[in-house]
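Residue numbers (the UniProt record's numbering): 1 to 246. Yeah, the Cβ is synthetic: ideal placement off N, Cα and C, and Gly gets one too. Before any comments, here is the structure.
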């Protein structure tokens with residue numbers, strides 16, 4: 001399924017909102033919206049179809065033919081292998097707590113912020129790719145997954161000031177986080193491209209930008225044959241500053 005992209009079902013009764021959400025989803029490489037439905041009945045009908053394979057559901061809680069979070073729990077009960085992101089105008093604490101207890105991947109309040117939406121999609125893509133590459137997980141790997149899950153609900157937003165062309169804050173946060181949380185002690189552009197789902201040239205652009213900020217530095221990795229490979233590692237001085245500021 002990963003080779004075909006992440007298959008998305010949108011459940012949203014407002015066709016204009018559904019169209020906007022679909023546009024956001026399909027702007028991220030590796031995603032495909034396979035169906036958009038307006039009611040619970042349409043959702044049930046589609047999910048019962050032979051060959052209906054969904055990885056991610058974008059769910060509006062307020063659907064006209066069901067009450068409250070009934071549809072969420074029905075989906076959670078009958079589609080255990082499908083992840084759910086709630087996109088809703090509901091801001092009541094009891095509603096949010098209930099879907100969090102039900103294992104929702106993320107909760108995004110309408111009107112949707114495009115940057116926040118895209119960040120969620122990229123983080124989900126990374127988590128999915130990581131889990132598919134593993135048979136067993138170590139504690140520190142589980143910790144990383146949980147930190148990212150919790151981080152998706154952070155009320156604060158990192159700012160980087162004016163970024164150069166070709167550098168966006170979401171991807172920059174992802175790359176920086178790999179080094180700051182010590183998930184990697186060193187990485188090549190090719191390895192980074194595989195982790196964040198970009199081309200090698202794009203991955204190198206972000207690495208070189210962090211080099212220019214003196215947050216990371218390059219070392220040469222010599223193999224048996226061919227040219228030495230550039231490997232990027234966290235600068236000791238930057239690491240020390242981050243420790244002192246924490």
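- One alpha carbon belongs to residue 57, the other to residue 15, and they sit about 16 Å apart.
- Put simply, the stretch 25–35 does not touch the stretch 66–80. Fewer than three CB pairs are less than 8 Å apart.
- The beta carbon of residue 210 sits closer than 6 Å to the beta carbons of 216 from its chain, once the five residues preceding and following it are set aside; these are given in chain order.
- Between residue 228 and residue 234, the gap from beta carbon to beta carbon reaches 7 Å or more.
- Rounded to whole angstroms, the separation of the alpha carbons of residue 164 and residue 213 is 12 Å.
- By the criterion of at least three beta-carbon pairs nearer than 8 Å, the stretch 87–106 is in contact with the stretch 59–66.
- Runs of the beta strand (DSSP E) lying entirely within the stretch 83–146 and spanning at least 3 residues, in chain order: 83–88 and 106–109.
- With distances taken between CA atoms, residue 115 lies nearest to 172 out of 199, 172 and 138.
- With a 10 Å radius around the Cβ and a threshold of 16 neighbouring Cβ atoms, residue 131 comes out exposed.
- Taking a C-beta distance under 7 Å as the contact criterion, residue 6 and residue 36 do not qualify as a contact pair.
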